[in-house]
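Participant: FYI, the working numbering numbers position 7 of the sequence shown as 38, with every residue one higher than the one before it.
Where is the CB? At the ideal position from N, CA and C, for every residue including glycine.
Bear in mind the structure is a predicted one, so any value in this text is a computation, not a measurement.
So that we are looking at the same thing, I have put the structure below in structure tokens.
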Amino acid sequence: MQMIGDVIARHTERLDGEPLLVPVMQEGRRLPAGKETLAQIRERARRQLEILPPAIRALPRATIPYRVEVSTALAALRDQLAREHTSVRRPT
Numbered sequence: 032m033q034m035i036g037d038v039i040a041r042h043t044e045r046l047d048g049e050p051l052l053v054p055v056m057q058e059g060r061r062l063p064a065g066k067e068t069l070a071q072i073r074e075r076a077r078r079q080l081e082i083l084p085p086a087i088r089a090l091p092r093a094t095i096p097y098r099v100e101v102s103t104a105l106a107a108l109r110d111q112l113a114r115e116h117t118s119v120r121r122p123t
């Protein structure tokens, strides 16, 4: 398996793939993901790096672009917030 891109989405969305960020605390309590040992975190990071295309892992500029998308729901929220923000009248 090799990664071909990422999607930036709302935290409530459930998309295919593995999230890069996961909650580790909630209401002052540590969640299961927050109980990983340093060795487990290093191993997960190593596995994730291994499945990136070599051109992306390289330090020089990658010759193959790594696509990052914004999910449809997040884009809709962005657009809604932009409309609401521009429609608010500010006092002068």
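#1: Give me the Cα-Cα distance between Arg92 and Glu100, rounded to the nearest whole angstrom.
#2: Determine the extent of the beta strand (DSSP E) in which Glu100 is found, giving its start and end residues.
#3: Can you check DSSP and say which residues form a bridge with Glu56?
#4: For Ile35, report the span of its beta strand (DSSP E) as first-last.
#5: Grouping DSSP H, G and I as helix and E and B as strand, with all else coil, what is Thr68?
#6: Does the separation of the CB atoms of Gly36 and Arg75 fall below 8 Å?
Facilitator: Here's the rundown:
#1: Taking the sequence shown and counting its residues from 1, the one referred to as residue 92 is at position 61. Taking the sequence shown and counting its residues from 1, the one referred to as residue 100 is at position 69. Computed Cα separation, rounded: 20 Å.
#2: Start at 1 with the first residue of the sequence shown, and residue 100 comes out as number 69. Residues Arg98 to Val101.
#3: One-based indexing of the sequence shown puts residue 56 at position 25. A small fix is needed here, since residue 56 is Met in this sequence, not Glu. Note: Met56 sits in a beta bridge opposite Arg61.
#4: Position 4 of the sequence shown holds residue 35. For Ile35, no beta strand (DSSP E) encloses it, and the DSSP letter there is neither H nor E.
#5: Translated into positions along the sequence shown, residue 68 becomes position 37. DSSP places Thr68 in coil when its eight states are reduced to three.
#6: Locating residue 36 in the sequence shown gives position 5, counting from the first residue. Locating residue 75 in the sequence shown gives position 44, counting from the first residue. Against a cut-off of 8 Å, the Cβ pair of Arg75 and Gly36 comes out as no contact.
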